[in-house]
Every structure is written in structure tokens, then in C-alpha cells.
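Peer 1: Everything in the sequence shown is counted per full-length UniProt numbering, starting at 1 for the first residue and increasing by one.
Every residue gets a Cβ at the ideal spot worked out from N, C-alpha and C, and that includes glycine.
Provided herewith is a single structure, encoded as C-alpha cells, for subsequent inquiry.
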Amino acid sequence: MGNNIQVPYTGHVSGGIKEGMKVVVRGKLGHGDKTFSVNLCSAPNTDAGDVPLHFNPRFGQGKVVRNHKQGGSWGMEDTDGGFPFKEGRQFEIKIKVKNSKYEVEVDDEDFCEFNHRLPFGTVQYLHIKGDVQISSIEFKYPMPYSARIPGVVVVVVVVVVVVVVVVVVVVAVVVVGVVGVVVVVVKIIVVLVAVLAVVVVVVVIVVVILVVVVVVVVVVVVVVIVVVVVVVAVVVVVVVVVVVVLVVVIVVIEVVVAVVEVVALVEVVVDLLFSANFGSGPSREEGDTSLHFNARHNQGCVVRNHKQGGWGSEETAGVMPFHRGQLFQLQFFVSNSGYRVNVNSNYFCDFNHRMPKEIVQYLSLDGDIEVYGLTM
């Protein structure tokens with residue numbers, strides 16, 4: 001988060017606070033009897049809910065108060081450790097989340113520890129208030145990192161039902177039309193036969209031969225008409241069935257069922273190496289791996305692979321998009337056919353599924369990066 005952050009500040013911690021996570025606050029102090037506080041809260045501010053950690057430098061008293069608040073009541077204050085802040089000076093506060101406590105550094109020096117009085121899992125917000133200028137706020141995830149992906153990646157196939165309904169209606173209309181033609185033809189035959197019968201009764205001898213000829217001709221015509229109509233109807237039905245099959249096969253919408261976004265900074269190291277893994281276990285060493293996305297700077301490539309008992313064949317097409325010391329955004333779009341990967345909002349590669357997506361339960365990250373944001 002960049003410069004000129006307005007104070008009081010409230011920010012939601014996406015996914016909550018995790019063990020191993022770091023909260024980094026940088027700013028500048030004013031002059032005089034100033035006080036400010038950095039708070040890890042369950043609600044948007046210290047008045048609305050519980051406060052697992054209240055970190056409060058007080059210049060007038062020359063001490064830094066650490067405390068917690070539960071059910072509207074503040075606990076016992078911790079104030080040992082001196083006062084590491086200077087008037088008018090820049091500062092950096094790092095709060096490290098451990099299993100049993102918070103560890104706080106000020107300007108890269110160990111300052112204090114604060115044992116958990118409330119579960120750190122209740123923290124959903126960072127709230128800063130008081131007489132201070134804040135220049136940046138960062139949430140750094142532990143490396144290696146692993147998190148359960150909410151829900152199971154499921155194939156979603158949407159068939160356009162409207163098209164099928166329309167096709168069925170067309171078939172029905174064609175069939176009804178064929179039946180109507182046959183009925184009309186039959187009615188015509190009945191009328192013709194009746195007329196001919198009257199004529200035969202009146203002039204039997206004169207028109208006997210003519211009647212026979214006419215009847216034969218009419219029958220032949222009717223048979224021809226019926227045959228033509230039936231053939232046309234069969235052809236239409238066959239064409240419609242083929243169209244329906246093609247529509248059902250072709251008009252299938254591939255829906256993105258999961259999006260995972262990682263915002264991280266590449267560390268300045270010689271052999272840059274990091275990976276993102278979608279698998280059945282908390283790390284790529286445990287269980288199967290549907291996608292292993294592995295940036296190898298020393299080889300100048302990004303390897304994509306899967307592991308099912310053993311590793312599969314590697315895919316390495318594409319130019320290395322990651323550079324030392326640079327912040328990047330990595331997006332994974334999961335669909336029913338595979339993964340699509342964007343780097344800094346630009347398309348980078350596709351990776352077709354080699355195993356059922358239903359096995360994916362975890363995203364794990366490891367290597368030479370600092371993760372600042374993660375959205376799933």
C-alpha cells in the first residue's frame with residue numbers, strides 16, 4: 001500500500017492473520033507530546049469489537065503500551081522495553097505473528113514480545129489512529145506458505161437449454177406440418193371419389209374407362225405426394241437431430257470456477273527460484289500435484305508440471321516474466337479444461353489438466369519471494 005495513507009486508517013486483512021505472517025507499518029512522527037496506536041482488531045476499529053493487540057507509543061509518558069481488549073474491557077498494560085521512537089524521524093514497525101505470541105521489531109531491532117491473550121485467528125482488521133503520518137503498510141506471508149483452497153474445483157458445463165427447446169419446437173412443427181399435409185390429401189381424395197361416384201352413377205357406361213384411369217392417376221399422384229412428404233420429413237428430422245447434436249457438442253460454455261491471485265516481491269538473490277503448487281496436500285512433497293508452477297531464473301524459464309506418484313513431462317514455453325527485486329501479480333484461472341496463468345495482467349501460459357481437478361485441496365508457495373497479498 002502506497003504513500004499518503006489517511007489516518008485514522010482501517011484495512012481488512014484478507015483471509016485473516018496467519019501464523020508466520022508479518023505486518024509492516026512505516027511512517028513518520030511529528031513533534032511534541034504525540035501518541036498513536038497500531039491495533040489488530042476483530043472489528044473495523046477499537047471501539048467496535050475485541051482487540052488482540054494494541055501497540056501504543058506515548059511520547060508524553062516516554063513508553064510504549066501493549067494491551068488487549070475483550071468484551072469492552074482493557075486488560076493489563078505491558079510497558080517495559082524503553083522508547084525507541086524519535087520525534088520527526090521515520091520509523092518501521094514489524095509485527096511477527098508466532099504460535100504463542102507477537103514479536104515486535106522497531107527499525108529492524110527486537111523491541112518486545114506480547115503473549116496471545118486472544119486467539120490471533122480472530123484478527124480481521126488493522127486499525128491505526130493518532131498523531132502519525134503513515135507512508136506504507138504491508139502484509140507479508142510466511143514462506144513456504146500453504147492454505148486450503150475454499151471448496152473443491154468442480155467441472156461446470158452449461159448446455160444452452162434454450163437452443164434445445166427451440167430445436168424440439170421446430171421438430172414438432174415439422175411433424176405437425178407433415179401430418180396436416182397428409183390429412184388434406186386424404187380429404188381431397190375423399191371428395192374426388194365422391195364426385196366420381198356420382199358421375200359414375202349418372203353416366204356409368206360413358207365414363208367407366210375414364211373413372212378407372214382417373215382413379216389410377218389420383219392414386220399414383222397421392223402415393224407420390226405421400227412418399228415425397230415422408231422423405232422430406234425424414235430428411236428434416238435427420239438434419240434437425242444432427243444440428244441438435246452439434247449444438248450440444250459445440251455450444252458448451254467453459255466456465256472459470258476458481259481464480260487464485262498472488263501479489264509478491266521477487267527477492268534479490270543469485271539463483272532465483274520459487275513455485276506455486278495446486279495439490280492434494282499442504283506442500284508439493286505431500287500427495288499429488290495438479291499444477292506445479294516453478295520459476296527458475298538461473299535457467300531462464302518457468303516450468304509447468306504435475307505429479308501423480310511421480311513427476312510428469314515439463315512444459316517450459318514462454319519468456320521469463322519475473323525479475324529480481326520487482327513486485328509481480330500472478331493470477332491462476334481454473335476452468336474445466338485446465339489452468340490459464342496471467343502475470344501482471346498479461347497472458348503467460350495455459351496448462352491442460354492431466355489429472356482430475358477434484359483432488360485439489362491446497363495452494364502452497366515456496367522459494368525466494370515475499371508474498372504481500374493472496375486472494376482465493
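Any idea which residues DSSP pairs residue 90 with across the strands?
Peer 2: As a working mapping, residue 90 is identified with position 90 in the sequence shown. In DSSP, residue 90 forms a bridge with 28.
Peer 1: Return the chain-ordered list of same chain residues with a C-beta closer than 6 Å to the C-beta of residue 115, the five sequence neighbours on each side being excluded.
Peer 2: Translated into positions along the sequence shown, residue 115 becomes position 115. If we look at residue 115 and ignore the five residues flanking it on each side, its Cβ neighbours are 101.
Peer 1: Grouping DSSP H, G and I as helix and E and B as strand, with all else coil, what is residue 59?
Peer 2: Position 59 of the sequence shown, counting from 1, holds the residue named residue 59. It is coil, neither helix nor strand.
Peer 1: If you draw a straight line from the alpha carbon of residue 144 to that of residue 240, how long is it in whole angstroms?
Peer 2: Sequence index remark: in the sequence shown, residue 144 carries index 144 (1-based). Sequence index remark: in the sequence shown, residue 240 carries index 240 (1-based). Spanning the two alpha carbons is a distance of roughly 57 Å.
Peer 1: Measure from the alpha carbon of residue 318 to the alpha carbon of each residue in 335, 297 and 231, then state which is nearest.
Peer 2: The count along the sequence shown starts at 1 and reaches residue 318 at position 318. Out of 335, 297 and 231, 297 has the C-alpha closest to the C-alpha of residue 318.
Peer 1: According to DSSP, simplified to helix, strand and coil, what is residue 7?
Peer 2: One-based indexing of the sequence shown puts residue 7 at position 7. Of the three classes helix, strand and coil, the one that applies to residue 7 here is coil, per DSSP.
Peer 1: Apart from the five residues just before and just after residue 146, which ones in its own chain have a Cβ nearer than 8 Å to its Cβ?
Peer 2: One-based indexing of the sequence shown puts residue 146 at position 146. For residue 146, where only same-chain residues beyond five positions count, the Cβ hits under 8 Å are 282, 283, 362, 363, 364 and 365.
Peer 1: To the nearest angstrom, how far is the alpha carbon of residue 320 from that of residue 314?
Peer 2: In the sequence shown, counting from the first residue as 1, residue 320 sits at position 320. In the sequence shown, counting from the first residue as 1, residue 314 sits at position 314. About 15 Å.
Peer 1: Can you find the residues in the same chain that come closer than 8 Å, C-beta to C-beta, to residue 41, ignoring five residues on each side of it along the sequence?
Peer 2: The count along the sequence shown starts at 1 and reaches residue 41 at position 41. Excluding residues within five positions, the ones whose Cβ falls inside 8 Å are 48, 49, 50, 51, 52, 123, 124, 125, 126 and 127.
Peer 1: In whole angstroms, what separates the C-alpha of residue 377 from that of residue 209?
Peer 2: Residue 377 is absent from the structure shown; the chain starts at 1 and stops at 376.
Peer 1: Would DSSP call residue 46 helix, strand or coil?
Peer 2: Position 46 of the sequence shown, counting from 1, holds the residue named residue 46. Residue 46: coil per DSSP, three-state reduction.
Peer 1: Assuming residue 358 is part of the beta strand (DSSP E), what are its boundary residues?
Peer 2: Position 358 of the sequence shown, counting from 1, holds the residue named residue 358. It is not in any beta strand (DSSP E) - residue 358 carries neither H nor E in the DSSP assignment.
Peer 1: Below 8 Å on the Cβ atoms is my contact criterion, and I expect residue 55 with residue 37 to pass it. Report the Cβ-Cβ distance as a whole number of Å.
Peer 2: Your numbering for residue 55 matches position 55 in the sequence shown. Your numbering for residue 37 matches position 37 in the sequence shown. Indeed they touch by this definition, with Cβ atoms about 6 Å apart.
Peer 1: Would you check if the segment 353–360 and the segment 369–376 touch, i.e. whether three or more CB-CB distances between them fall below 8 Å?
Peer 2: Verdict: no, contact absent.
Peer 1: My understanding is that residue 30 touches residue 135, with C-beta atoms under 8 Å, so please give their C-beta distance in whole angstroms.
Peer 2: For the purposes of this step, residue 30 is identified with residue 30 of the sequence shown, where counting begins at 1. For the purposes of this step, residue 135 is identified with residue 135 of the sequence shown, where counting begins at 1. At roughly 14 Å, the Cβ-Cβ gap does not stay under 8 Å, so residue 30 and residue 135 are not in contact.
Peer 1: Using CA coordinates, which residue listed in 92, 15 and 280 is at the minimum distance from residue 440?
Peer 2: Since the first and last residues shown for the chain are 1 and 376, residue 440 lies out of range.
Peer 1: State the Cα-Cα distance for the pair residue 22 and residue 301, rounded to the nearest angstrom.
Peer 2: Against the sequence shown, residue 22 aligns to sequence position 22. Against the sequence shown, residue 301 aligns to sequence position 301. Cα to Cα, the separation comes out at about 30 Å.
Peer 1: Which two residues bound the contiguous beta strand (DSSP E) that contains residue 375?
Peer 2: As a first step, residue 375 is located in the sequence shown; it is residue number 375 there, counting from the start. Residue 375 -> beta strand (DSSP E) spans 369–375.
Peer 1: Does residue 53 come out as helix, strand or coil in the three-state DSSP assignment?
Peer 2: The count along the sequence shown starts at 1 and reaches residue 53 at position 53. Residue state, collapsed to three classes: strand.
Peer 1: Distance check for residue 90 and residue 340, CA to CA, integer angstroms please.
Peer 2: Reading the sequence shown from its first residue, position 340 is the one you call residue 340. Reading the sequence shown from its first residue, position 90 is the one you call residue 90. Their Cα atoms are separated by approximately 42 Å.
Peer 1: Buried or exposed: where does residue 331 fall if 16 or more other Cβ atoms within 10 Å of its Cβ makes it buried?
Peer 2: Here residue 331 refers to the residue found at position 331 when the sequence shown is read from its first residue. Residue 331 comes out buried.
Peer 1: Figure out for me which residue from 130, 111, 62 and 344 has the closest Cα to the Cα of residue 10.
Peer 2: In the sequence shown, the residue the question calls residue 10 occupies position 10. Of 130, 111, 62 and 344, the residue nearest in Cα terms is 130.
Peer 1: The beta strand (DSSP E) spanning residue 17 covers which residue range?
Peer 2: Here residue 17 corresponds to residue number 17 of the sequence shown, with the count starting at 1. Premise fails: residue 17 is in no beta strand (DSSP E) and is neither H nor E.
Peer 1: What number of angstroms, rounded off, separates the C-alpha of residue 206 from the C-alpha of residue 227?
Peer 2: If you number the sequence shown from 1, residue 206 lands on position 206. If you number the sequence shown from 1, residue 227 lands on position 227. Distance between the alpha carbons of residue 206 and residue 227: 33 Å.
Peer 1: I'd like to confirm the pairing. Which residues does DSSP put opposite residue 326 in its beta bridges?
Peer 2: If you number the sequence shown from 1, residue 326 lands on position 326. Answer is none; residue 326 lacks a bridge partner.
Peer 1: CA-CA distance, residue 376 and residue 232?
Peer 2: The residue labelled residue 376 in the question sits at position 376 within the sequence shown. The residue labelled residue 232 in the question sits at position 232 within the sequence shown. When rounded, the distance between both Cα atoms is 56 Å.
Peer 1: Could you pull the DSSP bridge partners for residue 35 from this structure?
Peer 2: Taking the sequence shown and counting its residues from 1, the one referred to as residue 35 is at position 35. The partner list for residue 35 (beta bridge, DSSP) reads 58.
Peer 1: Label residue 307 either buried or exposed according to how many other C-beta atoms from any shown protein chain fall within 10 Å of its C-beta, with 16 as the threshold for buried.
Peer 2: For the purposes of this step, residue 307 is taken as residue 307 along the sequence shown, with counting starting at 1. Burial call: buried.
Peer 1: Determine, using beta carbons only, whether residue 62 and residue 111 come nearer to each other than 7 Å.
Peer 2: The residue labelled residue 62 in the question sits at position 62 within the sequence shown. The residue labelled residue 111 in the question sits at position 111 within the sequence shown. Result no, Cβ atoms of residue 62 and residue 111 do not sit closer than 7 Å.
Peer 1: Measuring from the CB of residue 224, is there a heavy atom of the ligand COA at a distance below 6 Å?
Peer 2: Among the ligands in the structure shown, none appear at all, so the ligand COA cannot be discussed.
Peer 1: So residue 316 is in the beta strand (DSSP E); what residue range does that whole segment cover?
Peer 2: Start at 1 with the first residue of the sequence shown, and residue 316 comes out as number 316. No beta strand (DSSP E) contains residue 316, which DSSP labels as neither H nor E.
Peer 1: Going straight from the alpha carbon of residue 20 to that of residue 99, what length do you get?
Peer 2: On the sequence shown, position 20 is the one that residue 20 refers to. On the sequence shown, position 99 is the one that residue 99 refers to. Going by the C-alpha atoms only, they are around 8 Å apart.
Peer 1: Leaving out five residues on either side along the sequence, give the residues of the same chain with a beta carbon under 8 Å from the beta carbon of residue 173.
Peer 2: Taking the sequence shown and counting its residues from 1, one reaches residue 173 at position 173. Confidence at residue 173 is low in this model, with a pLDDT of 48, below 50, so its placement is unreliable and no value can be given for it.
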